[in-house]
Amino acid sequence: MKKENSQSRALTRSPQSPGDALSAIHLEFIQNQAEQHEGEGIEEVADYHRAVFLNRHATDLERFQQQARIHEDRLTHLDRRLGETHAKLAGVEPLIPVAVEGEPDVLPTTPWNLWDRTMFVLALGGIAILLVFGVFNISFNLLESGLVTFTENPVRAYFWSALLPIGALGVKVGWDFLQGPRKRQVYLWTCLVAGLAGVLVWVAAYASVYPTLSKTTEEHLASLSVFDTDHPGDGLLPGLTGGGVKRIDSVIVASQAVAEIFLSAVLGIYLTMLYARHRPVRLAGNPLFGQLDEERRELEEVVARERLALAEARGSESRLNHQLSAFVAFARSMFEKESALRRSRSHQQRSLLDQIAQQLQAQLQSEGPDGNGHTPRHPALTLGENEPNS
């Protein structure tokens, strides 16, 4: 036993590394406690090893505890804000009706029927016919005008005639910018009157020159005279000359352009009104709901990061606490093992001494009593009986 103690002390005096030195110090402390307290110093061993562990890891343990408290406080604040945001979102509608002419668009509309569908298709076809006919008619008139810029480059005539659909679109955009049903009605009727007036002027101008245009070549030759006389069969404008025909042609082209521009715009306005009568109720995203929903998503992301950080801090703290528990439990097991070994060795030594004493006593008894009638006792037997248990 003394030899083993000397070997452990020698191991303590000559450590191979700091970790080995620390382990040797722990072993020597456990052996000292086992020698001094005879199996009752287990609490001192546990307190000592707990103190040794905290000496190394108390800073880390305290840092993890403080980090956990910080993340808990942040989570409490963020959870409160998130709850307030959810409460606000519960009272806000995600969609709101669109304002139409200053009023929210919440009234139900009329479903489509056959008449409205037919009128929608006819108006759309009328716009297309008016624009195509006007473009080609104006372009042909420009080509027949004899202007050099159009005869040399006929494509320019088509670009000039493109002013008709652009003008019709501009008249329609003017109606869209008006606010209020009364102003729009006045604007619509004005465009309609202008378009019909253009049609009537075009019809009247064309009717005035139709009798002259409808004559055959023989009739034109028969009507020729060296005298400047009026002929009653020349139509509404008797005695119409070539210059007069040119002026009438200009009136026809201008009235046709006006009629096509304003009538196309009126048909476009009618299409818009017809669609508005059957359009679905329009809803738009609520900007307040969008802001609150964005804030909710950001808070949820921050809360998720804080929860992960809190879990990491608590995990590190729990890991150190479990390491401390395992370290103390291992020290207790070492102490109990050392105490059990010492009790076993003491019991073996006592049994050995008892056997030696019995052998000596048996040997003395075999030699017989002395002269006084007493059996002599061997010094070794006396020493074995009086030696205290170690």
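The sequence shown runs 13 to 402 under the working numbering. Quick reminder that beta carbons are idealized off the backbone N, C-alpha and C, glycines included.
(1) I need the DSSP call for Ala174, collapsed to helix, strand or coil.
(2) At which residue ranges does the segment 55-141 contain complete beta strand (DSSP E) runs of 3 or more residues, listed in the order of the chain?
(3) Once DSSP output is grouped into helix, strand and coil, what is the label at Leu364?
(4) From this set, Arg362, Phe148, Val183, which residue's C-alpha is nearest Pro166's C-alpha?
(5) Using only alpha-carbon positions, find the residue among Val183, Gly210, Asp305 that is nearest to Thr97.
(6) How should Val183 be labelled, buried or exposed, when 16 other C-beta atoms within 10 angstroms of its C-beta is the threshold for buried?
(7) For Leu212, list the residues DSSP reports as bridge partners.
(8) State the beta-bridge partners of Ala296 as determined by DSSP.
(9) When you compare only the Cα positions, how much space is there between Leu94 and Ala316?
(10) Relative to the C-alpha of Gln43, which candidate in Gln360, Gln373, Glu348 has its C-alpha closest?
(11) What's the gap between the Cα of Leu136 and the Cα of Asp128?
(12) Taking Thr88 as the reference, give the member of Leu311, Thr130, Pro116, Val221 with the closest Cα.
(13) Taking 8 Å as the cut-off, decide whether the C-beta atoms of Ala180 and Ser151 are in contact.
(14) Quick one, which of Ala219, Leu143, Gln77, Leu295 has its alpha-carbon nearest Asn333's?
(15) In whole angstroms, what separates the C-alpha of Phe189 from that of Ile178?
(16) Any beta carbon from chain D within less than 8 Å of Pro292's own beta carbon?
(17) Write down every uninterrupted run of the alpha helix (DSSP H) in the segment 305-385 whose length is 4 residues or greater and which is fully enclosed by it, in chain order.
(18) What do you reckon, are the CB atoms on His204 and Trp187 nearer than 8 Å?
(19) Just the Cα atoms here: how many angstroms apart are Val421 and Ala58?
(20) Are there three or more Cβ pairs, one per stretch, closer than 8 Å when the segment 357-372 is compared with the segment 62-73?
(21) Would you report the Cα separation of Thr284 and Ala111, rounded to the nearest angstrom?
(22) Give the straight-line distance between the Cα atoms of Leu300 and Pro116, rounded to the nearest whole angstrom.
(23) Nearest-angstrom Cα distance between Arg331 and Ala80?
(24) To the nearest angstrom, how far is the alpha carbon of Thr130 from that of Ala288?
(25) Under 8 Å by Cβ, that's how I've got Pro109 and Val293 pegged, so tell me the actual separation to the nearest angstrom.
(26) To the nearest angstrom, how far is the alpha carbon of Glu105 from that of Asn298?
(27) Which residue's Cα is closest to the Cα of Thr122: Gln48, Gly210, Ser276, Arg291?
(28) Quick check: what's the CA-CA separation for Trp124 versus Leu134?
(29) Compare the beta carbon distance of Leu142 and Leu286 with 8 Å and say whether it is the shorter of the two.
(30) Report buried or exposed for Leu432, applying the criterion of at least 16 other Cβ atoms within 10 angstroms of its Cβ.
(31) If distances are taken between C-alpha atoms only, which option among Glu313, Gly53, Leu353, Val263 comes closest to Leu90?
(32) Could you tell me the distance, in whole angstroms, from the CA atom of Arg319 to the CA atom of His83?
(33) Quick check on this structure: which residue in Ile139, Gln377, Gly138, Ala174 has the alpha carbon closest to the alpha carbon of Leu154?
(34) With hydrogens ignored, establish whether the beta-carbon of Tyr287 is closer than 7 Å to any heavy atom of the ligand FAD.
Straight from the coordinates:
(1) For Ala174, the three-state secondary structure derived from DSSP is coil.
(2) Within the segment 55-141, the complete beta strand (DSSP E) runs of at least 3 residues are 107-109.
(3) Collapsing the DSSP output to three states places Leu364 in a helix.
(4) Taking the Cα of Pro166 as reference, the smallest distance to any Cα among Arg362, Phe148, Val183 is reached at Phe148.
(5) If we check each option's Cα against that of Thr97, Asp305 comes out closest.
(6) With 16 or more other CB atoms across the displayed protein chains lying within 10 angstroms of its CB, Val183 is buried.
(7) BP columns for Leu212 are empty, so no partner.
(8) Residue pairing by DSSP puts Ala296 in a beta bridge opposite Ile108.
(9) Taken atom to atom, the span from the alpha-carbon of Leu94 to that of Ala316 is near 12 Å.
(10) Gln43 has its Cα closest to that of Glu348, out of Gln360, Gln373, Glu348.
(11) Rounded to the nearest angstrom, the two C-alpha atoms are 12 Å apart.
(12) Nearest neighbour of Thr88 by Cα position, chosen from Leu311, Thr130, Pro116, Val221, turns out to be Leu311.
(13) In this structure, Ser151 does not lie closer than 8 Å to Ala180 by Cβ.
(14) Ranking Ala219, Leu143, Gln77, Leu295 by Cα distance to Asn333 puts Gln77 first.
(15) Rounded to the nearest angstrom, the two C-alpha atoms are 17 Å apart.
(16) The question asks about chain D, but that chain is absent: this structure has only one protein chain.
(17) No alpha helix (DSSP H) of 4 residues or more sits fully in the segment 305-385.
(18) Sequence check: residue 204 is Leu here, not His. At the C-beta level, Leu204 and Trp187 stay beyond 8 Å of one another.
(19) No answer is possible for residue 421: the residues shown for the chain start at 13 and end at 402.
(20) Too few Cβ pairs lie closer than 8 Å, so no.
(21) The straight-line gap separating the alpha-carbon atoms of Thr284 and Ala111 is approximately 17 Å.
(22) Rounded to whole angstroms, the separation of the alpha carbons of Pro116 and Leu300 is 17 Å.
(23) So the alpha carbons of these two residues sit roughly 14 Å apart.
(24) Distance between the alpha carbons of Thr130 and Ala288 is about 16 Å.
(25) Correct: roughly 7 Å between the Cβ atoms.
(26) Glu105 and Asn298 have their alpha carbons spaced roughly 7 Å apart.
(27) Answer by Cα proximity: Arg291.
(28) So the alpha carbons of these two residues sit roughly 15 Å apart.
(29) The answer is no: Cβ separation not under 8 Å.
(30) Outside the modelled stretch of the chain, which goes from 13 to 402, sits residue 432, for which no answer is possible.
(31) Check the Cα spacing between Leu90 and each of Glu313, Gly53, Leu353, Val263: the tightest is with Glu313.
(32) Approximately 8 Å, taken between the alpha carbons.
(33) Nearest Cα to Leu154 within the set Ile139, Gln377, Gly138, Ala174: Ala174.
(34) With respect to small molecules bound, the structure shown includes none, and the ligand FAD cannot be examined in it.
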